[in-house]
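Protein chains: 4
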Amino acid sequence: MNAATRRLRLGVVGLGRLGKRHAENLAYRVPGASLVAACSPLEEERAWAREALSEPRLYDDYADLLADREVDAVWLVTPSSLHAQQIVDALHAGKHVFCEKPLSLDLAECERVLAEAARYPHLQATIGFMRRFDPSYKDAFDRIQSGAIGRPFLVRSQTTDKNDNDGFFVRFAATSGGIFLDCTVHDIDVARWLLGKPRAKRVFAAGAVALHEGLREFGDVDNGVAICEFEDGKLAMFYASRTQAHGNDTHSEVIGTAGALAIGHNPRANRVEIYDATGIRNECTPSFFDRFEDAFLHEARAFVAAVQGGASSNVQSGATLADALEATRIGMALRQSLQSGEAVAL
Amino acid sequence: MNAATRRLRLGVVGLGRLGKRHAENLAYRVPGASLVAACSPLEEERAWAREALSEPRLYDDYADLLADREVDAVWLVTPSSLHAQQIVDALHAGKHVFCEKPLSLDLAECERVLAEAARYPHLQATIGFMRRFDPSYKDAFDRIQSGAIGRPFLVRSQTTDKNDNDGFFVRFAATSGGIFLDCTVHDIDVARWLLGKPRAKRVFAAGAVALHEGLREFGDVDNGVAICEFEDGKLAMFYASRTQAHGNDTHSEVIGTAGALAIGHNPRANRVEIYDATGIRNECTPSFFDRFEDAFLHEARAFVAAVQGGASSNVQSGATLADALEATRIGMALRQSLQSGEAVAL
Amino acid sequence: MNAATRRLRLGVVGLGRLGKRHAENLAYRVPGASLVAACSPLEEERAWAREALSEPRLYDDYADLLADREVDAVWLVTPSSLHAQQIVDALHAGKHVFCEKPLSLDLAECERVLAEAARYPHLQATIGFMRRFDPSYKDAFDRIQSGAIGRPFLVRSQTTDKNDNDGFFVRFAATSGGIFLDCTVHDIDVARWLLGKPRAKRVFAAGAVALHEGLREFGDVDNGVAICEFEDGKLAMFYASRTQAHGNDTHSEVIGTAGALAIGHNPRANRVEIYDATGIRNECTPSFFDRFEDAFLHEARAFVAAVQGGASSNVQSGATLADALEATRIGMALRQSLQSGEAVAL
Amino acid sequence: MNAATRRLRLGVVGLGRLGKRHAENLAYRVPGASLVAACSPLEEERAWAREALSEPRLYDDYADLLADREVDAVWLVTPSSLHAQQIVDALHAGKHVFCEKPLSLDLAECERVLAEAARYPHLQATIGFMRRFDPSYKDAFDRIQSGAIGRPFLVRSQTTDKNDNDGFFVRFAATSGGIFLDCTVHDIDVARWLLGKPRAKRVFAAGAVALHEGLREFGDVDNGVAICEFEDGKLAMFYASRTQAHGNDTHSEVIGTAGALAIGHNPRANRVEIYDATGIRNECTPSFFDRFEDAFLHEARAFVAAVQGGASSNVQSGATLADALEATRIGMALRQSLQSGEAVAL
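Protein chains in written order, with my numbering: chain P, 1 to 346; chain L, 1 to 346; chain X, 1 to 346; chain G, 1 to 346.
Dropping the structure here:
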């Protein structure tokens, strides 16, 4: 970074666990950025910001943050149901916007955001599919671009979480959109990204309730499997689980006509191997939070670089609103297939 | 083995590449067995047998071998289309029978064999799903039985072969039954075996022609993916491929409520790792033949032990005719789903 | 970090490749630190600093930086032969000091620095053995402390670099101290740290010139092996190499009475595995620079935290001057053994 | 094998655990061999042979077996102290001889056997260093021969056993020769074999008593480390342990000027990986018996092929008496170095 470049002034909105991480990254670890403002309706979260960040201006109302002329961009880490309107409001206020996934669980709303955003082509609007910024996913992407595996035609990708006995996600089931929209949406984005953004044409999904019976009343499952057929004979297989014993196990494979790549096949927590009476083992990343620590940072840097580089920017780009819309469209079709037992054409 | 037990006298039928391996195992590596006869319509195969085996009686006609009173059991390694009738003929002749998979690609024929076999309960009739005898698959099975992973509910299993530029399987496509009946049938049996033999209730399949365009005229693909829903909320995902760059990569996973097991995740050719300018690598098993060398031997020993142990035998059992029928039934449903684009209920 | 804590104002000295990395970490990624000054005799390095850092005060003379009252601590990334005197000068100037390894290649000089430092107990003086801050090494250390492997009694550790055809280290051989003082010194520190800082009592070393004949005139080798016996029956084995084909392969094992730990056994560049006609492989970390990227950052944070926490600080501590002296003492004995062919008692 | 070749008639001597395995291999799994006789002074071992083998002639006295004209070769699995004289006696009786390692723990006796054997050049005399016949070690050897790693110059090799709380080897310490002659002798042979049979010129060894204090009175240790310098700048590092928690962990690496090979880096029991709350693990080979099951079989086949092929035989050859002598010579120097604390020149 050239220190002379004008710093991008950001305001973070939402200071839950993930919001705090984003805030710390933006405050201290992204050279061209200044985190100048933070917004949360909760006093305890603002108190955290007062301590942890460097002289932030604090707001309890999103509208007030948007009115702050010293804020160039907003970083939304808010409940999913607020995303769409908050993005539109940010664009109206002339601010670049980064928003955690999902764009929306409602297709019409997704489309409304895209239509609004089309009116502000000079503003960056990115949805946070952070895997694109994980160094290993990025390396795989680059290898594919360089032709290392020939023509890629199949992605297998999974998002599986360590079982949470408290079943937070069961209480969350009414609004999460179900396992495919909550978890698999990441794998959908990975598959489209690695396969060259093909359009989906048909999906099928099935599922099982392994441990959390409470999900049944929401038509949801704690383990789901799916197939997605894209145009041009490209394929994806997905697996999502809430009930793994060993940790968060996010991995993906992409298979081409001349080779294949696997990303994260063994979800090693680090470089340590333990030799004891049970054999030889490594511990696993406990949560996506640990697994994607680097990715969140690279994502923040890339967003800042994209804004600063303008339209000609050549930096690794995050998911566009159109990508997010497509991921939601496919995720909804998976949910429909799960519930109907039929293949769903798109 | 107690050397005093009367040796089982076997006749092998079919002496192609796989037939030769079975013959050598039965001749030299299965303590309680004597390979006393071999049958092939090809003079060069009989010539091989004359050299390689120990004083075998050679036949060019299966009926003659069946008439040999000194043969207790037949070992069929013949073309798939002959299996059903040859099994029935062996039973009629009072001989135990081992037959390579598949039982038949025709469901009615499968059922006819089962009906016949029901009349000969004292005769062993086993279909050769050798993975059950691979020491690693067997170890996983035993761990599941002991409760190591809780209740198993999902199997993911694949059969993928190194690409054969000659495309032998393209010429073979008219009679192979397609990729699911030819390859995935092994994974189907593995899934049912590891999940406690549940009945399938619905399947969905899709596929791609990555390299071998000649398959299209047969409605076949060189890469296929599938989901199988069993009763009781159990699931399986399958992948089959003819086009891998790295070798035969047969692996399976079974996921339970308290843990998971993977079998063969890295298809290592052996225990050597190579460090050079390309990184650190291991070579892969080139073909199923190399991967399952041990399994073929254990399979032969288990068959002999089962015959010798009689009904009370507690040895690891191979696939029954009923298992083979179920594998064919599911494989055919996968083919139907591939061709229709619809989920198929069973 | 509490944002209210007074920031530690640092000056970096030496802006070569490693100096630049330290400078960027201190400038942007260590919350409690401000990099306020930089010193280099080279105009091009100062020009880099002018661009890359945020308003640094620039010096071409170390004495001028030491005279800067706004600098609390100096960070030395200078040629090894300057380290000892520069540390002493920094302490005399009342500044905390971090210095890259080695303390000195001369034992008397090491002892002189310790004697001087004893007069400034309120000042932090740390030598940069960064492996202690690598998350995996740190995890292994913590496991040992918790008793996971019983009593540790053997460390095996290696530092091996990708072969450099240009042979930079051959030209550097006259002043590097040889392979054991240049490379193995890290492994010596790791061994002492993981084994509870035992004193060495005897060493033996041997070596080979695999590729770089030019080393012979310096009595140096491009591959060295060594054994170190510590008091209390503890042992270490070391390997150092300049000629690896696959990359920088830094790994260590520690073996205890109830288990063992390996750190970095496969020097994976990232989480990607490549499947192609050569097998399954991962690429390797090309250099220590890539391998220890995180460690350099954690090291900087720990130094700042140690200064800010004062004597009561409980943060992970870096190598003390006494540790560095001991590493040099052992390294010199290894060199002596290599050259004499005899075991050397300490 | 051509079935017409005259079968080699073998007599096995010693029917302990390892003797039984050899006997079963020779009886049932080596096509050109017939195990026609067995010798043991213990009635229970002869009883086992009566049951398990196929019509063996049983002897309780080695001299009687040697007098059996129907025995072409003897297979010695007897106590080490008997090896040398039994080999000489077999040669005098005109029989080929295979003998488990070691040849002898006494150098003069080794040399006496070599002198006797020189009088019987038509008789095969092989010492059982079975690692040469392990498929992975063999693959590494072949790769080296083909130039895959350039010029090999360093071997690191270890023999480490799962801790035996009963401490059998403590009771055995008086006659075992100590850890280097009992365990490392395999690694010495591996190093010489992989490096092209260089002569050793200097060794150094050190050790620790981690758990088994009873070894001290014999001057022995339960963990030993060593360096061996060969002529031509070749090197080896050895590690031997009786106290591993995870299993038998036999592995070796060979490093060359253009790459490296590792054999058995992770001592996997099989292809299963277990995912549970402790992470991802594989179990380990519990003992050398499990690890080298295949090697013992290949070793037997190679011996039979070598005898049948005569002098022109091109089969993989086992260790010669001269190899065994050299391994003993180096092992004794290691013991001397351990006890003296000095490097020992050879």
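Don't be surprised by glycine CBs; every beta carbon is placed ideally from N, CA and C. Here the structure is a predicted model, which means the values were calculated and not measured.
- From the listed residues X/L91, X/F133, X/V97 and X/A319, the smallest Cα separation to X/E116 is found for X/L91.
- Of all residues in the stretch 278 to 292 of chain L, only T278, G279, I280, R281, N282, E283 and C284 place a beta-carbon less than 8 Å from a beta-carbon of chain X.
- The beta-carbon of L/Q244 is placed less than 9 Å from the nearest beta-carbon of chain X.
- Going by DSSP, L/L235 is part of the beta strand (DSSP E) stretching over L235 to Q244.
- L/F218 is the residue among L/F218, L/F141, L/R143 and L/Y137 whose C-alpha sits nearest the C-alpha of L/V170.
- L/R132 has a beta carbon lying at 9 Å or more from every beta carbon in chain G.
- Straight through space, the alpha carbons of P/D290 and P/K234 are spaced by roughly 31 Å.
- For L/T257, the closest Cβ of chain P is nearer than 9 Å.
- Scanning the stretch 54 to 139 of chain G from its first residue to its last, the whole alpha helix (DSSP H) runs of 4-plus residues come out as 62 to 67, 80 to 92 and 107 to 117.
- For L/A260, the closest of G/L334, G/D72 and G/E273 by C-alpha to C-alpha distance is G/E273.
- The Cβ-Cβ distance between X/D64 and X/C99 does not fall below 9 Å.
- In the displayed model, G/G279 falls within a strand according to three-state DSSP.
- For the set G/G14, G/L18, G/A93 and G/G94, the Cα lying nearest the Cα of G/Y59 is the one of G/G14.
- Around the CB of G/P31, 16 or more other CB atoms lie within 10 Å, so the residue is classed as buried.
- If the five residues before and after X/G177 are omitted, its C-beta is found closer than 6 Å to the C-beta atoms of L105, all from its own chain and listed in chain order.
- Approximately 6 Å separates the beta-carbon atoms of P/I227 and L/V225; this is inside 8 Å, confirming the contact.
- Not flagged as an interface residue toward chain L: G/V36, since no C-beta distance is shorter than 9 Å.
- Neighbours of X/D276 in chain L, taken as residues whose beta carbon is under 7 Å from its own, are A245 and H246 in chain order.
- DSSP places L/E299 in the helix class (H, G or I) of the three-state scheme.
- No Cβ of chain P is located within less than 9 Å of the beta carbon of X/D60.
- Rounded to whole angstroms, P/S252 and P/E299 show a C-alpha spacing of 19 Å.
- G/G150 and L/N248 have their C-alpha atoms roughly 29 Å apart.
- Contact note: X/N25 does not reach chain L at a C-beta cutoff of 9 Å; the least C-beta distance is about 28 Å.
- The count of Cβ pairs closer than 8 Å, one atom from the stretch 318 to 329 of chain P and one from the stretch 118 to 133 of chain P, reaches three, so the stretches are in contact.
- The Cβ of X/R119 sits no closer than 9 Å to any Cβ of chain L.
- One finds N270, R271 and V272 in chain P with Cβ atoms closer than 7 Å to the Cβ of X/S136, taken in chain order.
- Annotation: G/N25 is outside any beta strand (DSSP E); the continuous alpha helix (DSSP H) that includes it extends over R17 to Y28.
- For L/S252, the enclosing beta strand (DSSP E) covers residues H251 to G256.
- Looking at the backbone, the Cα of L/E342 and that of P/L297 are separated by about 43 Å.
- Interface flag for P/A140 against chain X is set, since a Cβ pair is found closer than 9 Å.
- In this structure, the alpha-carbon of L/R271 lies about 17 Å from that of L/G279.
- Rounded to whole angstroms, the Cβ separation of G/C284 and G/R268 is 7 Å, and the two are in contact under 8 Å.
- For the stretch 149 to 166 of chain P, no residue has a beta-carbon sitting nearer than 7 Å to a beta-carbon of chain G.
- Residue G/H212 holds the alpha-carbon nearest to the alpha-carbon of G/A173 among G/D161, G/L76, G/H212 and G/A205.
- In the assembly as shown, X/E55 is an exposed residue. Its beta-carbon has fewer than 16 other beta-carbons within 10 Å.
- Rounded to whole angstroms, the separation of the alpha carbons of G/L346 and X/L181 is 29 Å.
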